[in-house]
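For the protein sequence lines, the chains are B and S, in the order given. Numbering of the first sequence is given in our numbering, commencing with residue 434 and proceeding in unit increments. Numbering of the second sequence is given in our numbering, commencing with residue 434 and proceeding in unit increments. Backbone N, C-alpha and C define an ideal beta-carbon position, used for all residues, glycine too. No experiment lies behind these values; they were computed from the predicted model shown. Data block below; observations after.
There are 2 protein chains.
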Amino acid sequence: MPDSSRSPITPAVEDFLKAVYETVRAGGGEPAGTTALADVLRIAPPSVTSMAKKLAEAGLIDHVPYRGVTLTEAGRLIAVETIRHHRLVETYLHQALGVPWDRVHDEAERWEHVLSEDVEARMDAALGFPTHDPHGAPIPTPALEHAAPATTVLADLPLGARARVAEVDDGDGDLLRYVGSLGLYPGTPFEVAEAAPYAGGPVRVRLEAGAEQTVGDRAACAIRVEAA
Amino acid sequence: MPDSSRSPITPAVEDFLKAVYETVRAGGGEPAGTTALADVLRIAPPSVTSMAKKLAEAGLIDHVPYRGVTLTEAGRLIAVETIRHHRLVETYLHQALGVPWDRVHDEAERWEHVLSEDVEARMDAALGFPTHDPHGAPIPTPALEHAAPATTVLADLPLGARARVAEVDDGDGDLLRYVGSLGLYPGTPFEVAEAAPYAGGPVRVRLEAGAEQTVGDRAACAIRVEAA
DNA sequence: ATCGTGATTTAGCTCAGGCTAAAAAACGAA
DNA sequence: TTCGTTTTTTAGCCTGAGCTAAATCACGAT
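Here it is, written out as structure tokens:
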């Protein structure tokens, strides 16, 4: 049995576990590679390896050298807890303090590490126990259950499809500001009015109000949708 | 001219400058001693010396070896900014999220280091630009002016004096809970009903409602008062 | 004036969390 | 299969922020 006690949960550890969680999820369950994690965390690959060794030692991840990293149950709990903090804070900043949706991410990135359970619960209650953050991403429950996000991307919809914006990738403020200027917030229903023959190109969408807008390819890949 | 650029403003630096600010203030302008700072920061004296050297190098403090530490103007600005963050967060947690006054300090101690100017301003506005935190301590203005705190301590009041609670030292949750249970929140008027012949002893106070309460000596020294 | 005590600094160590350069393993193409 | 490329790890270094033990300074009492 690994030494799961010892080793304090620092911000760097929380960020690492969160990155593993998200990378594994994005990769359909495949172990997260060193380079992929290095990209997400914006650190050099050797730094990933050394952190991986330490956390494997502590029983928070499984690390098969040269093969990749997955979370143990203990690690998953910390990752999801951190994501819950992050998304609750984003929602709180947006809802209670009016911070625009393209700026909540960076702030939450720091707050997630300093939030007590008590204040987490108070924010949750003040917001009426929200299920999704301002970008449409599901907020894990207090019991740390975490709904799967929408998977279909706007760029992949066929001509004529009717759908609703489910989630927009956070992390790129400029992109969010652009998507916001198009009015494509989570929940917004629309119809695909024009699509390039091969996926990935720019898309024209018609909103409920009747307005038609062109959505650039970068944005069309960052917007995930669900059935209207 | 000292190299005031370089050296990032880490949480440890903010805490250090804050400690110098408060210690110098408490000492009536005398330079802060190494041991005093070590006590406030809960680190060992040699750690204080090495931080002092680094910050003197960076132009944030003046350090005369064996003599003590004072802030430069640049250091003062950072210290006061940090205190502003701290007290604004305390007030926000108390007012907006209902966190009891004996628990806001520890949370604010962490939040003060991660608060952006934007969110600071939004909290300030949401609270209606408060001038004092939940313990009665003055909140520095956005321009970083900082009112002097009340100086008279309840324990020093003579028999029969009428006064109002101005400020209660934060930092000791148990003490705050005790003072709260006596109803002695900032702003509360009272009269000294019974006082030990020499200062520092327990004191009996009569509240406006007529109730009389005994205030233990520890508390009587932690409560600062102003003219009623 | 000196001497002991207490405060302060120096010397040298540790750990976390980064980095670069070089070695080693995995993988795909020939 | 073999060989070059890419990915990952090892080796070794750095900085920040702490620590203890030992040396040094300041100061008050004799």
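Do we get a CB-CB distance below 8 Å when we pair residue i with the residues of chain B?
i, result
"Asp555/S", "Note that residue 555/S is Arg in the sequence shown here, rather than Asp. So yes, Arg555/S belongs to the interface."
"Val552/S", "yes"
"Ala559/S", "yes"
"Arg475/S", "no"
"Arg610/S", "no"
"Glu540/S", "yes"
"Val547/S", "yes"
How many angstroms separate the CA atom of residue i from the CA atom of residue j?
i, j, result
"Thr524/S", "Tyr618/S", "14 Å"
"Val502/S", "Thr456/S", "10 Å"
"Pro441/B", "His527/B", "31 Å"
"Ala465/S", "Pro575/B", "45 Å"
"Pro571/B", "Phe562/B", "12 Å"
"Val612/B", "Ile516/B", "23 Å"
"Ala583/S", "Val547/S", "29 Å"
"Ser437/S", "Val625/B", "Note on Ser437/S: pLDDT 47, under 50, position unreliable in the model; no value is reported."
"Ser483/B", "Leu609/S", "44 Å"
"Glu600/B", "Gly616/B", "13 Å"
"Leu470/B", "Ile476/S", "35 Å"
"Ala559/B", "Gly531/S", "10 Å"
"Glu514/S", "Glu540/B", "18 Å"
"Val497/B", "Pro479/B", "15 Å"
"Ala529/S", "Asp607/S", "23 Å"
"Thr538/B", "Asp605/B", "Reading off the sequence, residue 538/B comes out as His, not Thr. Rounded to the nearest angstrom, the two C-alpha atoms are 9 Å apart."
"Val511/S", "Val453/S", "One detail in the question is off: residue 511/S reads as Ile in this sequence, not Val. Ile511/S and Val453/S: Cα-Cα distance of roughly 11 Å."
"Ala459/S", "Ala581/S", "11 Å"
"Glu550/S", "Ala445/B", "24 Å"
"Arg639/B", "Leu493/S", "57 Å"
"Val522/S", "Met556/S", "8 Å"
"Ala644/B", "Glu542/B", "35 Å"
"Met434/B", "Arg509/B", "With a pLDDT of 46 at Met434/B, under the threshold of 50, the modelled position of that residue is not reliable, and the figure given next carries that caveat. Taking the straight line joining both Cα atoms gives about 17 Å."
"Glu641/S", "Cys654/S", "21 Å"
"Lys487/S", "Pro573/S", "27 Å"
"Thr623/S", "Gly593/S", "Sequence inspection shows Phe at residue 623/S; the Thr mentioned does not correspond to that position. C-alpha separation (whole angstroms): 10 Å."
"Thr443/S", "Ser614/S", "37 Å"
"Arg500/S", "Thr467/B", "51 Å"
"Gly462/B", "Asp566/B", "24 Å"
Just list the residues that DSSP pairs residue i with in beta bridges.
i, result
"Ala596/B", "Phe623/B, Ala660/B"
"Val612/B", "DSSP, once it has assigned bridges, lists no residue as partnering Val612/B."
"Leu504/S", "Ile494/S"
"Thr647/S", "Arg637/S"
"Thr574/B", "Paired residue(s): none; Thr574/B is not in a bridge."
"Thr585/B", "Val658/B"
"Ala429/B", "Outside the modelled stretch of chain B, which goes from 434 to 661, sits residue 429/B, for which no answer is possible."
"His565/S", "Pro571/S"
"Ala558/B", "In the DSSP output, where bridge partners are listed per residue, Ala558/B has none listed."
"Val601/B", "Ile656/B"
"Ala628/S", "Val636/S"
Any beta carbon of chain S sitting closer than 8 Å to that of residue i?
i, result
"Trp544/B", "yes"
"Glu447/B", "no"
"Met434/B", "Residue confidence for Met434/B is low, a pLDDT of 46 falling below 50, so the modelled location carries little weight and cannot support an answer."
Just confirm the distance between the C-beta atoms of residue i and residue j, as a whole number of angstroms; I'd bet it's less than 8 Å.
i, j, result
"Thr585/B", "Arg657/B", "6 Å"
"Leu474/S", "Asp448/S", "6 Å"
"Glu545/B", "His519/B", "4 Å"
"Pro635/B", "Thr647/B", "6 Å"
"Ala660/B", "Ala596/B", "6 Å"
"Ala588/B", "Asp535/B", "Not confirmed; about 20 Å, so no contact."
"Ala652/B", "Pro591/B", "Contact doesn't hold; Cβ gap of about 18 Å is too wide."
"His568/S", "Asp603/S", "5 Å"
"Leu577/B", "Leu504/B", "Leu577/B to Leu504/B, Cβ: 12 Å. No contact."
Would the beta-carbon of residue i be found less than 7 Å away from any heavy atom of the ligand FAD?
i, result
"Ala629/S", "The model depicted lacks the ligand FAD and carries no ligand whatsoever."
Practice prompt. Residues of the region 507–537 of chain S with a CB closer than 9 Å to any CB of chain B: list them in chain order, please.
Written response: Within the region 507–537 of chain S, the qualifying residues are Leu526, Ala529, Leu530, Gly531, Val532, Arg536.
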